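Residue numbers (the numbering used here), protein chains in the order written: chain G, 11 to 316; chain H, 2 to 334; chain V, 765 to 1100. To start, the structure under review is shown below, and the notes come after it.
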Amino acid sequence: MTTPTSSNPAAASEEFQLTAPPSPLRELWRDFRRNKGAVVGLALVITYLLLAIFANVVAPHSPIEQYRDAILTPPSWEEGGSLDFLLGTDAVGRDMLSRLIFGTRLSLSIGLISVTLSLSIGIVLGLTAAFAGGKIETAIMRLMDVLLALPSLLLAVAVIAILGPGLANAMYAIAIVRLPGFVRLTRATAISELSKDYVLASRIAGAGKLRLMFITVLPNCLAPLIVQATLGFSTAILDAAALGFLGLGAQPPTPEWGSMLSGALEFIQRAWWVVSLPGIAILFAVLAFNLMGDGLRDALDPKLKR
Amino acid sequence: MALLEIKNLSVHFGSEKSPMIAVDGLDLNVEQGEVLGIVGESGSGKSVTSLALMGLIDAPGRVSADVLKFDGRDLLRMPVRERRAMLGRDIAMIFQDPGTTLNPCFTVENHLVETLAVHEGGSRKALRARALELLQQVEIPDPSRRLEAYPHQLSGGMSQRVMIALAIACNPRLLIADEPTTALDVTVQAQVLDLLLRLHRERGMGLMLITHDLGVIAETAQRVVVMYAGQVMEIGTVPEIFTRPQHPYTAALMSALPENNVGRQRLQTIAGVVPGAYDRPRGCLLAPRCTYAEDRCHTERPALNRAAHGAVRCFFPLAAASAPASAANATPT
Amino acid sequence: MISYILRRLGVVLPTFIGITVLVFALIHMIPGDPVEAMSGERGMEPERYARLIAEYGLDRPLPVQYADYVFKAAHGNLGRSIVTQESVLTEFVDRFPATLELSACAIVFALCLGIPAGMIAALKRNTPVDYGVMGVSLAGYSMPIFWWALLLILFFSVHLGWTPVSGRIAIEYDPVRVTGLMLIDSLLSGEEGAFASAVSHLILPTIALGTIPLATLARMTRSAMLEVLGEDYVRAARARGLSPLRVVGRHALRNALIPVVTVIGLQVGTLLAGAILTETIFSWPGIGKWMVEAIHRRDYPVVQGGILLSATLVIFVNLIVDVLYGVINPRIRHTR
């Protein structure tokens, strides 16, 4: 850096690259890549995503077709296993591998839909609370306190009690459970942004309330919300599986990871693969989003940047 | 024999290959019962030096020295336990920000009694009495009530007095004060300094006063060490250094003092900044900022040479006659 | 201190009122009306329907119904279970000790392992020990606990045959119910082997339920400890010649525990949520299992009462934690 620019064009362009600020996305990727765990998490997430999108192509069998003559076939590498069913079959002869692959599609959709729901409602409520203040703010925040006082799964169970068991209702339940977190986070970051000069400048320039809320302030609140949403994905997957396991979420024969485990206790002595494989799928999905969320937090949080 | 003897002390941080040099070959002595001032800009290695003496530099940092002796005993080669026992008993230290150096969960009494119990022992009652006595010695009003106080209930000056009480609790022979008044209000600064000097006189302890405030040094110290970028630039007695600085850096510091700028429109300052971790000059560390620098200064690093009143690290020490105000690489900003 | 507690109460009260409204609304948000929902697919004869509507007071205006509900609830009347005809409060009180015992053991388990693990990770920062502790705790944090419970059963009960699979004590023992806590009751019964049986039944549920709090506590303790270890007062304590044990165990830990206590408070909710799953798997006769069964049976008074009581419990414990927080953190205690 200290050598003066020479006539060599290569050296000059190199120096130019060094001084030009990296684009925000490139900078994010650079910070994100430092965290090895986060990269592993991202790779896992991408794998799961591809499996979910191409489930029809990848899965060797239909997830609900019952092969009556192949009930509880062990995985292919075990004695008595067959290459037809790589990971074995369950108690009614359905292919485990295909069910797991289609389960990926379900779990990711549940995560996506419930996080999108609670994130968008949370942002609107949080921004409203921050901008309106006074009674509206108190009302919104008290309501969130009430939701927070109920243990997460208990609240989800209560919502299911009203709406009745089922996959869609489980998604709504999970979205409601996650709502207070997003509302609180949006409000807190929006309030701290509101005190900054650029908001005042925009206000003086005559920006309307909606413009201030969604175009001026919101983009500056996004970093923590993105992190929270990523971590929310993992809890959504976990809660959906728990509801499925309790028989309150996805109903049979839907190939959902949690509901695949709900009858598994019975086979614990006879067929370990029925018990362990869906759990491994859940664990790694949750782990992947947690790792990625931690990495994003480190990369996005300016306080931790050197 | 010197109370504290340091030869070639170095402190490095960071990787082995490209270390960040915080202290670079430092030599100094503290005599029994003297006040030694250490001055320098921020980042000159003053605080790191004191932490190295206390053995408080942690893992990524590396401390090395040819000699590091307290009262003739080798600090670097004594068992860890023994060295720890000396801390607080023979060598004590007070820090810059009294607001954060007291544990927020403990009362003043907890702090004092714990320190006394660890080093001297005794019954709870006796320890409490000693604690009370110490608070009286550092001139804290209503000491018995203050014993029950938590740090957040004390003002900055009061906290620093408690820190001083903690430091002198076991009658140390050397007290290291790292910027003891910097974080305090101006009116309190003088009181705390007076207190430190009184305790120093009464107890005959050596006092190593680290500061960036030359005014404080002028009022209190007998000798002064001028540090720059982790190196000693000049050592001398206070009157000599203040009237006839030999190192261009010392001279520049003097000419930046407000009292040497009476009648000027602008304060004289020193152009440039202290070299950072990775841009240390090959030659004299001051060379890029020094108006007197010649070719030799840029290529070769000067050693600390004995001089008439102490020592100076410069190839071309200033003539005793040159007036401080004109000697410096000082430019109006 | 008292004013501090009163201030906390002032914040908690609106939340509590909100909970009662929510729980009351629960029964009215069910599609159709509650009586219809309870009757299931078979339906019921009109006379019985009308009688039940009148019995539950569902023909009165909503505010009157709400006032009535709160008044009765305040007197401990949460209605009767449709299935057992037993009072909801009695059923809750019957089952609560089982959940309390399990949760207490789980939190003790989490504390005993989580805090030391977090401390060691912080002290050995960026070493393999640190990475190991943090990796394991991340896995624990991401673990679906119903599956974890199945794995524990698979390994310890089925494979090794060390522990029983379900229930609180072997059938041959039937200790007289004194406290409702099986560990204590089995000791009081004086029967040989009863206590050991109760302990062996508790081990797996405790591990299953305690894993997430354990992982959370380890992570939290580590980060709190790292922050505290960088504080000036820790350095000052070392400069006074205090031993590392004293500096870490007394000066640093005391301060690091302040945020950790808050986390423990928040874990109570997690424990109750986890109890729903753990109790279902281990056939543990506590309130979690009770509520899941009630939902499956559409026993709405039980669901309603269970949610109200659990929420009250969570609010109450959080209040206690807030007060405790004031006790260990002098800065809070002394502000007016």
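Where a beta carbon is used, it is the ideal one built from N, C-alpha and C, also for glycine. Please read all numbers here as calculations on a predicted model, not as lab measurements.
Please list the terminal residues of the continuous alpha helix (DSSP H) segment that includes residue i.
{"i": "H/G237", "result": "H/G237 -> not in any alpha helix (DSSP H); beta strand (DSSP E) instead, spanning 232 to 238."}
{"i": "H/S156", "result": "Note, H/S156: premise wrong, no alpha helix (DSSP H); not H, not E."}
{"i": "G/D308", "result": "282 to 310"}
{"i": "H/Y250", "result": "249 to 256"}
{"i": "G/D249", "result": "228 to 255"}
{"i": "H/T212", "result": "Looking at the DSSP string, H/T212 is not in any alpha helix (DSSP H); the run it does join, the beta strand (DSSP E), is 207 to 212."}
{"i": "G/I170", "result": "162 to 173"}
Mind checking if residue i is an interface residue toward chain G, Cβ cutoff 9 Å exclusive?
{"i": "V/I729", "result": "Any answer about residue 729 of chain V is impossible in this case: the structure gives chain V only from 765 up to 1100."}
{"i": "V/I884", "result": "no"}
{"i": "V/T1026", "result": "no"}
{"i": "V/I909", "result": "yes"}
Report the residue from the options whose alpha carbon sits nearest the alpha carbon of residue i.
{"i": "H/E149", "options": "H/R283, H/D186, H/V163", "result": "H/V163"}
{"i": "G/V125", "options": "G/A309, G/L256, G/L241", "result": "G/L241"}
{"i": "V/W911", "options": "G/F192, G/L129, G/A251, G/A139", "result": "G/A251"}
{"i": "V/S977", "options": "V/F835, V/R1095, V/F860, V/G1033", "result": "Per the sequence presented here, residue 977 of chain V reads as Pro, with Ser not at that position. Cα-wise, what sits closest to V/P977 is V/G1033."}
{"i": "H/R265", "options": "H/S256, H/A66, H/L286", "result": "H/S256"}
{"i": "H/Q138", "options": "H/L319, H/Q97, H/L200", "result": "H/L200"}
{"i": "V/L990", "options": "V/H1015, V/G1005, V/H923, V/K836", "result": "V/H1015"}
{"i": "H/T238", "options": "H/V313, H/A23, H/R82, H/M94", "result": "H/V313"}
{"i": "V/I1071", "options": "G/V169, G/F64, G/A215, G/A48", "result": "G/V169"}
{"i": "H/V348", "options": "H/F96, H/S45, H/I271", "result": "There is simply no residue 348 of chain H to check, as chain H begins at 2 and stops at 334 in what is shown."}
{"i": "G/D105", "options": "G/G90, G/H71, G/S86", "result": "G/H71"}
Which chain B residues are close to residue i, counting only those with a beta carbon under 9 Å from its beta carbon?
{"i": "H/V119", "result": "Although the question refers to chain B, the structure presented lacks it and instead comprises the protein chains G, H and V."}
Tell me whether residue i is buried or exposed, calling it buried when 16 or more other Cβ atoms sit within 10 Å of its Cβ.
{"i": "H/Y279", "result": "exposed"}
{"i": "G/N45", "result": "buried"}
{"i": "V/E1053", "result": "Correcting the residue identity first, residue 1053 of chain V is Lys in this sequence and not Glu. By the neighbour-count rule (16 or more Cβ atoms within 10 Å), V/K1053 is buried."}
{"i": "V/F1080", "result": "exposed"}
{"i": "H/D179", "result": "buried"}
{"i": "V/H923", "result": "exposed"}
{"i": "H/S43", "result": "exposed"}
{"i": "H/P80", "result": "exposed"}
{"i": "V/M793", "result": "exposed"}
Since residue i contacts residue j with CB under 8 Å, what's their CB separation in whole angstroms?
{"i": "H/L208", "j": "H/L196", "result": "Contact doesn't hold; Cβ gap of about 12 Å is too wide."}
{"i": "G/G259", "j": "G/A171", "result": "Going by Cβ atoms, the distance from G/G259 to G/A171 rounds to 13 Å, so no, they are not a contact pair."}
{"i": "V/A1025", "j": "V/Y1089", "result": "Reading the sequence as shown, one finds Val at residue 1025 of chain V and not Ala. About 6 Å separates the two Cβ atoms, so the contact holds."}
{"i": "V/V1085", "j": "V/G1029", "result": "3 Å"}
{"i": "H/P276", "j": "H/A304", "result": "Not really, about 18 Å apart at Cβ, beyond 8 Å."}
{"i": "H/G205", "j": "H/G34", "result": "5 Å"}
{"i": "H/D28", "j": "H/I7", "result": "6 Å"}
{"i": "G/F95", "j": "G/T83", "result": "5 Å"}
{"i": "G/L38", "j": "G/L232", "result": "Not really, about 12 Å apart at Cβ, beyond 8 Å."}
{"i": "G/G103", "j": "G/I81", "result": "4 Å"}
{"i": "V/A886", "j": "V/R986", "result": "5 Å"}
Determine, using beta carbons only, whether residue i comes closer than 9 Å to chain H.
{"i": "V/I971", "result": "no"}
{"i": "V/Y833", "result": "no"}
{"i": "V/D996", "result": "yes"}
Which stretch, first to last residue, makes up the beta strand (DSSP E) that contains residue i?
{"i": "V/T975", "result": "That residue, V/T975, is in no beta strand (DSSP E); its alpha helix (DSSP H) goes 958 to 993."}
{"i": "H/A312", "result": "311 to 313"}
{"i": "H/V70", "result": "Reading off the sequence, residue 70 of chain H comes out as Lys, not Val. From DSSP, the beta strand (DSSP E) with H/K70 extends over 68 to 71."}
{"i": "H/T270", "result": "269 to 271"}
{"i": "H/N9", "result": "5 to 14"}
{"i": "H/M94", "result": "92 to 95"}
{"i": "H/R307", "result": "306 to 308"}
{"i": "H/A23", "result": "21 to 31"}
Consider the Cβ of residue i: report whether some Cβ of chain V lies at a distance smaller than 9 Å.
{"i": "H/L133", "result": "no"}
{"i": "H/D98", "result": "yes"}
{"i": "H/H310", "result": "no"}
{"i": "G/P42", "result": "Contrary to the premise, residue 42 of chain G reads as Phe rather than Pro in this sequence. For G/F42, the answer is no, since every Cβ of chain V falls outside 9 Å of its Cβ."}
{"i": "H/Y151", "result": "yes"}
{"i": "G/P161", "result": "yes"}
{"i": "G/W283", "result": "no"}
{"i": "H/L103", "result": "yes"}
{"i": "G/P288", "result": "yes"}
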